[in-house]
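Here is the structure we will look at.
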Ligand SMILES: Cc1ncc(COP(=O)(O)O)c(C=O)c1O
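Numbering (the working numbering), first residue to last: 175 to 559.
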């Protein structure tokens, strides 16, 4: 039954969908771009929102902290560090929490460490707040592992924030506990705040276990602002719901101040859905999502085997692949070529940093039918090169 939720999308139906990826394209281009799946939304989520509407739930509800309480319980039980209701600040998605962290930790001119390649809004937010993004390279040849020695080299007295994205967009890497320990030691030794974006915590492959950096020890917990969310695992990016966890009291006071006026609480409709998504009744959804994504990853892996000029590390987390295309073409030109010749749009790697040159980011959260059609079209176009 769950197959219908994840595997029933067709090009004809999606072309009419109210969805950014598809709305942006003209003609019959298949967009494997923005991380916004071609899945249905779970009935439990829809029902919670409908009930909130029927109950006239449109007033102020700041005094009701029951969702914050559930988020804290989940963090204590699943993420492995003790959180209380007052350690949670609900956010309109995940990016607002990143913004709060820069505003809390940095003054104009301070340095913020971001990866290259990295989900580019991190870098943009750092620039927007007049701080200087400093690139911490992740090398394809090293399997994109976090190299702590390289991190130590770029830390200066002006470094006030380190962004950790785990699981990592766009590389699809799940950071190991040892790597996180390395980052934590550097942060603690230099008293640097860590913004840990763990939006993708539920989308991990094989038997991997997601590790929250704040769970490693009390010293790093004190310095970490962890942002969790629902957009990716539940296909509800448009609901705009996430939650920031900060267990250091003074930091939370400052974060709430930074949020006031601009980054206010989410709507009651999003909060109603939040109660369902944070609860334990969605196990079936996670099982179905995992099974489907493993199947789609397998289809891509088989395709890569037949395409000797494309290589990709095994996807560990997220539903975004970041393979290397070894053709005599920049990644930007390759994106254009595939749109024109194959009518498939991928995202060229340099959007995510200089080290993304040669790579394309590919969304795999769609149906087998759409994936098979996209791969067939790309193979034909690439074989003409
Ligand atoms: C790592 C990461 N952080 C944040 C976001 C944005 O999340 P939201 O839409 O919940 O703000 C994304 C979206 O793809 C992402 O991949």
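Using N, Cα and C, we set each Cβ at its ideal position, and we do this for glycine too.
Three-state secondary structure assigned by DSSP to residue i
i	result
residue 401	strand
residue 519	strand
residue 509	helix
residue 499	strand
residue 244	helix
residue 270	helix
residue 417	strand
residue 210	coil
residue 309	strand
residue 182	coil
residue 265	strand
residue 333	strand
residue 381	coil
residue 462	helix
residue 341	coil
residue 281	coil
residue 256	coil
Spatial distance of residue i from residue j (CA atoms)
i	j	result
residue 360	residue 309	16 angstroms
residue 427	residue 192	38 angstroms
residue 341	residue 186	32 angstroms
residue 296	residue 188	29 angstroms
residue 403	residue 272	12 angstroms
residue 195	residue 557	26 angstroms
residue 420	residue 286	19 angstroms
residue 487	residue 317	7 angstroms
residue 430	residue 213	34 angstroms
residue 481	residue 471	15 angstroms
residue 536	residue 237	42 angstroms
residue 416	residue 400	11 angstroms
residue 551	residue 304	43 angstroms
Local Cβ density within 10 Å of residue i, reported as buried at 16 or more and exposed below that
i	result
residue 230	exposed
residue 395	buried
residue 184	exposed
residue 370	buried
residue 460	exposed
residue 330	exposed
residue 376	buried
residue 392	exposed
residue 227	exposed
residue 500	exposed
residue 385	buried
residue 506	exposed
Short CB-CB distance (under 8 angstroms) between residue i and chain E
i	result
residue 504	Checking the listed chains, one finds no chain E in this structure; it contains a single protein chain.
Check your reading: residues with Cβ closer than 6 angstroms to ligand 1 heavy atoms: 209, 267, 268, 269, 293, 339, 343, 371, 373, 403, 405, 411, 416
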